[in-house]
């Protein structure tokens, strides 16, 4: 029996045991992190990448974080680009953040028309997106329709942003060949 095994598996009396809480890590994410700690390997999939990313970030496991960033970058789509952008922004992963943001700008009409994540953007975030010169839309009216969809989703909450958003939507420079 090695010293490390005795330390890891030593059972302490209940009065000496401590409970640690990691609310930002799901139970499955914690299980994957613990499996990695014991085996040195983990499989990053589309199903576990978000929870694994947050757990690996919390515990500073850069190998897993990089694997997660790589998979997230490869799997960017209209359905997930906003959550990936927000995650990368939260943890300051600029390369992934910028890639997700550009994806959002280049696929704005699809995202604004069909993504549930789009409706959860803050007014400031939406203003930032529609105010960018890089925003690609086939018709200027698509930006107005997107703003109206966003406002109508939560009128009481979003109404205050209407003036600035409509102003941003009316600014020139959004038409790009798509």
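Numbering (the numbering used here), first residue to last: 55 to 232.
Even for Gly, the Cβ is constructed at its ideal location relative to N, Cα and C.
Bear in mind the structure is a predicted one, so any value in this text is a computation, not a measurement.
Separation of residue j from residue i, as counted between CA atoms
i	j	result
residue 211	residue 92	47 angstroms
residue 193	residue 144	32 angstroms
residue 231	residue 99	A caution first: residue 231 carries a pLDDT of 46, below 50, which makes its placement in the model too unreliable to give a value.
residue 177	residue 215	6 angstroms
residue 101	residue 225	40 angstroms
residue 97	residue 161	30 angstroms
residue 81	residue 199	40 angstroms
residue 57	residue 115	Confidence in residue 57 is poor, its pLDDT being 35 and thus under 50, which makes the residue's placement unreliable; the coordinate value appears in the next sentence. Going by the C-alpha atoms only, they are around 24 angstroms apart.
residue 72	residue 88	17 angstroms
residue 217	residue 207	16 angstroms
residue 159	residue 189	5 angstroms
residue 35	residue 118	Here the chain has residues from 55 to 232 only, and residue 35 is not among them.
residue 59	residue 174	Here the model assigns residue 59 a pLDDT of 39, short of 50, so the residue's position is not dependable, and the following value carries that caveat. Approximately 47 angstroms between the Cα atoms of the pair.
residue 183	residue 120	27 angstroms
residue 55	residue 77	In this predicted model, residue 55 has a pLDDT of only 36, less than 50, meaning its place in the structure is not dependable; the value taken from the coordinates is given anyway. Rounded to the nearest angstrom, the two C-alpha atoms are 34 angstroms apart.
residue 83	residue 213	38 angstroms
residue 202	residue 163	13 angstroms
residue 219	residue 191	16 angstroms
residue 86	residue 112	13 angstroms
residue 105	residue 142	13 angstroms
residue 185	residue 179	10 angstroms
residue 197	residue 123	30 angstroms
residue 223	residue 138	24 angstroms
Opening and closing residue of the alpha helix (DSSP H) in which residue i lies
i	result
residue 221	216-224
residue 101	Residue 101 -> no alpha helix (DSSP H), and no H or E assigned at all.
residue 90	81-93
residue 136	135-144
residue 72	Counting along the chain, residue 72 falls outside any alpha helix (DSSP H), and DSSP gives it neither H nor E.
residue 77	Premise fails: residue 77 is in no alpha helix (DSSP H) and is neither H nor E.
Selected residue, minimal CA-CA separation from residue i, among the options
i	options	result
residue 204	188, 168, 147	168
residue 165	130, 107, 87, 114	130
residue 127	180, 186, 150	150
Decide if the region 129-142 is in contact with the region 151-167; the criterion is three or more beta carbon pairs, one per stretch, under 8 angstroms apart. yes
Which parts of the region 156-185 are runs of the alpha helix (DSSP H), unbroken and 4 residues or longer, counting only runs that do not cross its ends? 162-168, 177-184
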